[in-house]
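Those letters in the sequence shown? Residues 229 to 390, by the working numbering. For each residue, glycine too, the CB sits at the ideal point set by N, CA and C.
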Amino acid sequence: MVVGQLYHEMEVKVVARQAWELYGTLLLSKLAKESLSGLVEKSEVLEGDGGVGTKMKITLVPGSASFRTLIEEFTNVDNEKYVKEAEVIEAGYLDLGFTYYRVRFEINEKGDDSSVIKTTVDYDVKEEAAANASYVNIEPMLKIAEATKKYLLENKAAKSAH
């Protein structure tokens with residue numbers, strides 16, 4: 229078994245609660261689709277309202293990855309600790325020999341008017357498919373973080389203008 233982890237941290241000039249107002253909802257999926265337009269063709273809620281148990285089907289642009297679709301389930305949405313986790317439960321990485329693939333978003337307070345968005349990808353790959361670990365890439369998560377940072381700062385400016 230090959231076990232791996234990638235992570236990225238980004239500071240944003242909003243308090244953690246404001247960042248969570250985006251990350252803790254389905255709006256994050258909408259922003260993710262927009263920021264990954266060259267990769268994600270469609271993102272749809274199969275069941276749920278954004279809480280634990282919500283299932284999302286993500287369809288990728290043809291030729292953009294080694295698979296076309298995946299289904300993920302929100303396995304943890306902690307509105308007090310500002311943590312959201314989604315695991316691939318069908319297709320996608322699982323079709324490439326992965327036994328586990330999880331994305332975790334964590335918002336941590338950093339000072340009076342700032343927070344850190346930490347994104348972590350954890351995965352396990354069967355030994356015979358170990359070469360497929362190279363398909364794991366943090367780049368899409370960086371694009372999502374940049375898009376959410378922009379969104380949060382624009383909304384903060386709009387709120388303070390009122």
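Legend entry - K261, enclosing alpha helix (DSSP H) - first and last residue: Position 33 of the sequence shown, counted from the first residue, corresponds to residue 261. Per DSSP, K261 belongs to the alpha helix (DSSP H) from 255 to 263.
Inset, instruction - Determine, using beta-carbon pairs with one atom in the segment 257 to 269 and one in the segment 289 to 301, whether at least three such pairs fall under 8 Å. - result: yes
Legend entry - Burial state of A192 (16 or more Cβ within 10 Å): There is no way to answer for residue 192, as the model of the chain reaches only from 229 to 390.
Inset, instruction - Would you kindly check if the distance between the Cβ of I335 and the Cβ of A373 is under 7 Å? - result: Here residue 373 refers to the residue found at position 145 when the sequence shown is read from its first residue. Here residue 335 refers to the residue found at position 107 when the sequence shown is read from its first residue. Here A373 is not near I335, since their CB atoms are 7 Å or more apart.
Legend entry - CB contact flag (V243, V353, <7 Å): For the purposes of this step, residue 243 is taken as residue 15 along the sequence shown, with counting starting at 1. For the purposes of this step, residue 353 is taken as residue 125 along the sequence shown, with counting starting at 1. A distance of 7 Å or more separates the beta carbons of V243 and V353.
Inset, instruction - Going by CA-CA distance only, name the one from T376, K377, Y328, G281 that's closest to Q233. - result: Residue numbering aside, residue 233 sits at position 5 when the sequence shown is read from its first letter. Q233 has its Cα closest to that of Y328, out of T376, K377, Y328, G281.
Inset, instruction - Grab me the residues of H236's own chain with a C-beta within less than 7 Å of its C-beta, minus the 5 sequence neighbours each way, in chain order. - result: Sequence index remark: in the sequence shown, residue 236 carries index 8 (1-based). So the qualifying residues of the chain are T347, I366, M369, L370, A373.
Inset, instruction - Please report how far the alpha carbon of G325 lies from the alpha carbon of V364, in whole angstroms. - result: Here residue 325 refers to the residue found at position 97 of the sequence shown. Here residue 364 refers to the residue found at position 136 of the sequence shown. Between G325 and V364, the C-alpha separation is close to 12 Å.
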